[in-house]
Amino acid sequence: MAEIVKFKENRDYRRMYRMGNSFVSPILVIYVMKNRNKNIRYGITTGKKTGNAVQRNRSRRIIKAAFDQVSKNVPPGYDFVFVSRTKTSYVKSTDIADCMNKQLKRAGVL
RNA sequence: CGAGCGGACUGAACAGCCGCGGGCAGAUGCGAAAGCUGCUGUCCGAGGAAAGUCCGGGCUCCACAAGGCAAAAAUAACGGCUAACGGCCGCCGGGGGCGACCCCAGGGAAAGUGCAACAGAAAUAAACCGCCCGCAAGGGCAAGGAUGGAAAGGCGAGGUAAGAGCUCACCGGCGCUGCGGAGACGCAGCGGCCAUGUAAACCCUAUUUGGAGCAACACCGUGGAAGACAAAUACGAGCCUUGCGUGUCUUAGGAGGUGGCGUUGAGCAGAUUCGGCAACGGUCUGCCAAGAUAGAUGGCUGUUCACGACAGAACCCGGCUUACAGGUCCGGUCGCAUA
RNA sequence: GGAGGGGUGUCCGAGCGGUUUAAGGAGCUAGUCUUGAAAACUAGUGAUUCCGAAAGGAACCAAGGGUUCGAAUCCCUUCCCCUCCG
């Protein structure tokens, strides 16, 4: 069973931005990379421009809820960074999950 | 019924499934122990502004014998409340509204200095036009004109050659006296007739303030660094020399971690035929239930309604200011109608 | 979370109470020079908006309010940007 770990360090995010493949949609941006571990690592970014603290919190929570749904089907050995956008806090987590499934199929993860 | 004023409260609710942070309890596993990982049960889990960081404190470190002076900064009628405040309450003065009520950085310009452009004759100081006396020279005057934000108290009467607080009444301002008030101040009388504005310009007076901030600060601290000791060339890379590493202790301390930090506290809620106009204080009863550390409240489904605004704790309190869909309650005011 | 600094044309920026035309430079346009261009020189350009036939008037220095006769300038509140503290 793959373990799900969160990113904590700024250098992890910088490495993903520099070397990862990005997939953009109006409500979400995904960075994907393969890693050498047997687990799934991810991080969520909500920039200052995407709204006030309440909207940023909501974006984080629904991205986390959507990834909890999606991650059951993800094979181990991948790193993800999810970046919220301005519209993210106004949609439902199922919309995010649909978007995530679509983009990860394009990325060849699913 | 309509319009408007002031104050207080509230800030969607319920059910099911999945999920998150913390406290307590339990059994099990590991461990010498402290304890740790997962599990089960149970309880708790953002705001009135959590915000801006504009003030006042607690707390911590630095500085410091005590006291005073100076500098710098802040505040500004008066009386009270408070741990304290630049906050709050009451009251005085001024302004606005028919009224309920609202607003005011509201000390001092007679301690001194600065500034007051342009216009205007003149800007804190007189005389351009003008008025009067006079033949003129010269002298007297400041009413009228024009400028300006401001022009030598205002306005009326007397008075005069013409005029002027020169005199008088009223108003305004200043000083003194008396009365009322806790005081700011108000009222009355008398006096003289003077003094532009600006202190959110310097300044004067009174009061207050040591500085920095939880990223403070305290403790632990793999590796590595510096020093000391031991050893006397032991061990390590074939041997020798040099160098390096390996031992123990001490010091400072980067990464990281723990405490600070979830609180018995200027605490919160309720009651009161208690004191006070009120802010607030007293007494009694009950409660102490967020505490993360990349940062916990979410997702899905269903039901209801007014269809959900502004918005997320990060050491903690007391205020102020700013943002805000609506809803509830209480107390006044004005207008209309009816009795 | 805390401590500080700053917002002026398209850009960089001076001005920090006084007659308003709010410096100066870059940029842009035209000309001179050149075979043509660059550079240099000369002149012009937009400080903006509203009202008005015009003369002219009113508002404007991030936004709102206040002090003052008068505010880009002084004071208060809000918004935005930047720097520092592990």
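As numbered in this note's numbering, residues 12 to 121 make up the first sequence, in order.
Built from N, CA and C at the ideal position, the CB exists for glycine as well.
Computed from a prediction, not measured in an experiment: that's the story for all the values here.
For residue i and residue j, what's the separation of their Cα atoms in angstroms?
i: isoleucine 51; j: lysine 75; result: 14 Å
i: methionine 44; j: aspartate 90; result: 5 Å
i: phenylalanine 34; j: isoleucine 73; result: 18 Å
i: glycine 62; j: aspartate 106; result: 19 Å
i: lysine 116; j: asparagine 84; result: 11 Å
i: alanine 118; j: arginine 26; result: 18 Å
Skipping 5 residues on each side, what residues in its chain have a beta carbon closer than 8 Å to that of residue i?
i: threonine 56; result: Tyr24, Val92, Phe93, Val94, Ser95
i: methionine 30; result: Met44
Mind checking whether residue i and residue j have CB atoms under 8 Å apart?
i: lysine 59; j: glycine 88; result: no
i: glutamine 80; j: alanine 108; result: yes
i: serine 82; j: isoleucine 15; result: yes
Would you mind working out which of the options sits nearest residue i, comparing C-alpha positions?
i: arginine 47; options: Pro86, Tyr28, Val81; result: Pro86
i: asparagine 8; options: Lys116, Ser36, Tyr101, Lys83; result: Outside the shown range of the chain (12 to 121) lies residue 8, about which nothing can therefore be said.
i: asparagine 112; options: Arg26, Asn21, Ile15, Ser36; result: Ser36
i: cysteine 110; options: Arg26, Asn84, Asn32, Ala77; result: Ala77
Am I right that residue i and residue j are in contact with their C-beta atoms under 8 Å? What's the rounded C-beta distance?
i: isoleucine 53; j: lysine 103; result: Before going further, note that residue 53 is tyrosine rather than isoleucine in the sequence given. Wrong, their Cβ atoms sit about 20 Å apart, outside the cutoff.
i: isoleucine 38; j: lysine 98; result: 5 Å
Could you name the residues of the same chain whose beta carbon sits closer than 6 Å to that of residue i, not counting the 5 residues immediately before and after it, in chain order?
i: methionine 12; result: Caution is warranted here: a pLDDT of 43 is assigned to methionine 12, below 50, making its placement in the model unreliable, and the coordinate value is therefore given only provisionally. There are no such residues.
i: glutamine 114; result: Phe34, Ile41
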